[in-house]
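A.B. asks:
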Amino acid sequence: MIALRQALTYLRGHSDIIKECSIVTDSQLVLTALRNMRQPTTLQLETWELAVNLAREISLRFHRTPSHSGNEKNDAADQLAKAAATDQATAPIYKLAPRAHVKRRLRNFSLEAWKERWRTATTGRTTASFLPDPCYDRKITGDFDFYMVQLMTGHGNFNSYLKRIGKIDNDLCECDGTDTSEHVLFHWVLFAQQRIVADRVLAARGLRRPANYREVTEVRDERDWWDDFRSFSNRVDKLKVN
């Protein structure tokens, strides 16, 4: 598009002597963009306006030639463009970037900063046991429901959490252990038999059910573990209490 804009700018400066011109490009994308002006970029609009105004003064045509098809002049244009693009001494002739490109760059910067904070933070380590970074693969994990999130964060209907936020004074479980999310998921005697069944199912698939949050890191890339985790969390009645 920049090359086309430069060609049109040259023609406009010589429209007193050039009355007919055919512009040849190997970019179907550029020609399509000039026909679709519903949401043009700044560069696209500039090029289109140049073409429209110039067409009032000279006979202007656009043609497409296939790339790398033996067209000597097109091959030469490709070589010149690559040479200019890699020459650090060549000053840029166009410094604006498409909005979509800027948004993509900003999003990438934000994601990288988020990943770094996720990796180095001292809080949220329970959740980090399940997810190594914030950009997890839903094909493996599936969608998280309300019950899973309580166990993944430690924020839920657990006596240790309710005590921490001042709702109750006692953090013990009915089995005399400390009522934490980790205790419910891995140690609560009420679900001992279900954990044994889950162990057998995972063992048949070459996996071992983790015994604590640290060991979750060994299976968090396995869909079978997430299926077991989802099934377990949906059977814990205390997680359903508001």
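For the sequence shown, the UniProt record's numbering gives the first residue as 1, with consecutive numbering after it.
Yeah, the Cβ is synthetic: ideal placement off N, Cα and C, and Gly gets one too.
#1: Which residue from Asp16, Arg164, Arg35 puts its Cα closest to that of Val52?
#2: Could you tell me the distance, in whole angstroms, from the CA atom of Asp199 to the CA atom of Ser110?
#3: Quick check: what's the CA-CA separation for Asp227 versus Ser233?
#4: I'd like to confirm the pairing. Which residues does DSSP put opposite Glu20 in its beta bridges?
#5: CB-CB under 6 Å to Trp114, same chain, minus the five flanking residues each way: which ones, in chain order?
#6: Helix, strand or coil for Leu172? Go by DSSP, reduced to three states.
#7: Using only the alpha-carbon positions, how far apart do Val241 and Asn157 sit?
#8: Would you kindly report the start and end of the unbroken alpha helix (DSSP H) that includes Arg31?
#9: Is it buried or exposed for Phe5, if we count other Cβ within 10 angstroms and need 16 for buried?
#10: Would you report the Cα separation of Asn170 and Asp179, rounded to the nearest angstrom?
#11: Helix, strand or coil for Thr42 per DSSP?
#12: Determine the direct distance from the alpha carbon of Phe146 to that of Ser129, and round the result to whole angstroms.
#13: Closest to Ser59 by CA distance: which of Leu29, Leu202, Gly70, Cys21 is it?
#14: Just list the residues that DSSP pairs Arg64 with in beta bridges.
#15: Report the residue from Lys103, Arg56, Lys82, Asp26 whose alpha carbon sits nearest the alpha carbon of Ser69.
#16: For Cys173, count the other beta carbons within 10 Å of its own beta carbon; 16 or more makes it buried, fewer makes it exposed. Which is it?
C.D. replies: Per the coordinate set shown:
#1: It is Arg35.
#2: 39 Å
#3: 10 Å
#4: Ser59
#5: Pro134
#6: strand
#7: Going from the Cα of Val241 to the Cα of Asn157 covers about 7 Å.
#8: It should be pointed out that residue 31 corresponds to Leu in this sequence rather than to Arg. For Leu31, the enclosing alpha helix (DSSP H) covers residues 28-35.
#9: Reading off the sequence shown, one finds Arg at residue 5, where the question assumed Phe. It is buried - the Cβ of Arg5 has at least 16 other Cβ atoms within 10 Å.
#10: Looking at the two C-alpha atoms, the distance is approximately 9 Å.
#11: helix
#12: Their backbone Cα atoms lie some 18 Å apart in a straight line.
#13: Cys21
#14: Under DSSP, Arg64 forms a beta bridge with Thr25.
#15: Asp26
#16: buried
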